[in-house]
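Heads up: the structure comes next, in structure tokens.
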Amino acid sequence: MPSTLGVILGNRDFFPDALISEARQQLTALFSQLDVTPIWLTQGQTKLGDVQGWPDAVKCGELFRAHRSEIEGILVCLPNFGDEKALSDAIRLSELNVPILVQACPDDLDAFGLERRRDAFCGKISACNNLRQYGYKYTLTRDHTVAINGDRFREDLTNFLATCRVVRGLRRVRLGAVGARPNAFNTTRFSEKLFEAAGISVNTIDLSEVFGSAQRIADADARVKQRIEQIRSYADASNAPNESLVKMAKFALVVDDWMQELGLNATAIQCWSSMQKNFGVNVCTIMSMMSEQLLPS
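Under this note's numbering, the first residue of the sequence shown is numbered 9, with each subsequent residue one higher.
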């Protein structure tokens, strides 16, 4: 699945420039494999497309802010120690509130001279401490330092991209509550206000409204017949009474229409025991079919 990341290449003048160019090349190759579009400074906007010092932080922040509707997460890459304050300043100036992954490249103990010295191990500690002081939460790679072109980082980045998709989705999700919580189901209690504070909208409808709307749909309605066929194709309904299948189909149609009208992404349905007593069916199959269609219920 395509993703877009804001990428910060940390740098510090004391360390060799070649490490930054090398990291950019390796990241470019990895992004191509994972279908990631990077939003990062170019070698013209700053010395190497890197971030060190306040002027670079301003440029990076402005770039990210210009693409804020696209950026799903931020990758902080430390080919060397980096400028920990500039990294945090860039993120602050971007005004983004997205997941952050901090990666640091490992030193090669067989190439520890001035031309290859990184010290990103310590730089990552400083960068993370600054992020913490600025109030930003962040994700770490499983290994404190990890090579960009290694399998471990590829797996870390893949997991991070999944996290970004979940966060982005949950901040915009619209949920539907069909019916009240059954009295005994204390495990399903939640606060709508807390959800709303996280950007999750909850919309409600009473079961009586659904039952009433379903009963007003004619048994011979073409949509009812089509939905019954979908149910039969989805599960073995050979022993199910046709009357029950008709009710299930109508219930599904009413919920579908309600979800489309309000732009809902998922539902919680009071499936016990009013459904059985007052409508005469179970809706487990309908809920399963919705989940299969990526409309979790």
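A virtual CB, placed ideally from N, CA and C, is assigned to each residue, including glycine.
A quick note: this is a predicted structure, and the numbers were derived from the prediction, not measured.
Between the alpha carbons of residue i and residue j, how many angstroms are there, rounded?
| i | j | result |
| --- | --- | --- |
| K67 | C85 | 17 Å |
| D229 | G177 | 35 Å |
| G288 | V175 | 39 Å |
| H152 | F219 | 56 Å |
| G61 | D116 | 27 Å |
| E251 | M298 | 21 Å |
| K201 | E269 | 23 Å |
| M256 | N194 | 27 Å |
| R189 | I277 | 9 Å |
| D25 | F203 | 46 Å |
| R20 | Q51 | 16 Å |
| E30 | L49 | 15 Å |
| R124 | I82 | 26 Å |
| V181 | C113 | 36 Å |
| L165 | I99 | 19 Å |
| K233 | S221 | 17 Å |
Thinking C-beta only, is residue j closer than 9 Å to residue i?
| i | j | result |
| --- | --- | --- |
| R126 | L42 | no |
| L183 | S199 | no |
| G90 | A119 | no |
| C172 | E80 | yes |
| I239 | I294 | yes |
| A135 | L71 | no |
| N88 | I156 | no |
| R76 | L101 | no |
| G207 | R224 | no |
| T275 | M267 | yes |
Figure out for me which residue from the options has the closest Cα to the Cα of residue i.
| i | options | result |
| --- | --- | --- |
| Q141 | D97, F129, M256, N194 | D97 |
| T36 | F22, N167, N247, L13 | L13 |
| N290 | L270, A274, F259 | F259 |
| L56 | G69, G18, F39, I82 | G18 |
| Y242 | P249, V262, L169, E300 | E300 |
| A65 | E92, Q34, S40, L109 | E92 |
| V106 | D159, A170, R160 | A170 |
Give me the Cβ distance between residue i and residue j, rounded to the nearest whole Å; I'm assuming they're in contact under 8 Å.
| i | j | result |
| --- | --- | --- |
| T212 | A192 | About 20 Å; that fails the 8 Å criterion. |
| V15 | P63 | Between P63 and V15 the Cβ distance is about 18 Å, and since that is not below 8 Å, they are no contact. |
| S11 | V44 | 5 Å |
Using 10 angstroms around the beta-carbon of residue i, count the other beta-carbons present and answer buried if the total reaches 16, otherwise exposed.
| i | result |
| --- | --- |
| T54 | buried |
| L272 | buried |
| L302 | exposed |
| F168 | buried |
| G187 | buried |
| R150 | exposed |
| S246 | exposed |
Any chance the CB of residue i is under 8 Å from a heavy atom of the ligand SAH?
| i | result |
| --- | --- |
| F219 | In the structure on display, the ligand SAH does not appear, and there are no ligands present to speak of. |
Beta-carbon of residue i versus every beta-carbon of chain D: anything under 9 Å?
| i | result |
| --- | --- |
| A135 | The chain inventory of the structure shown lacks chain D, comprising one protein chain alone. |
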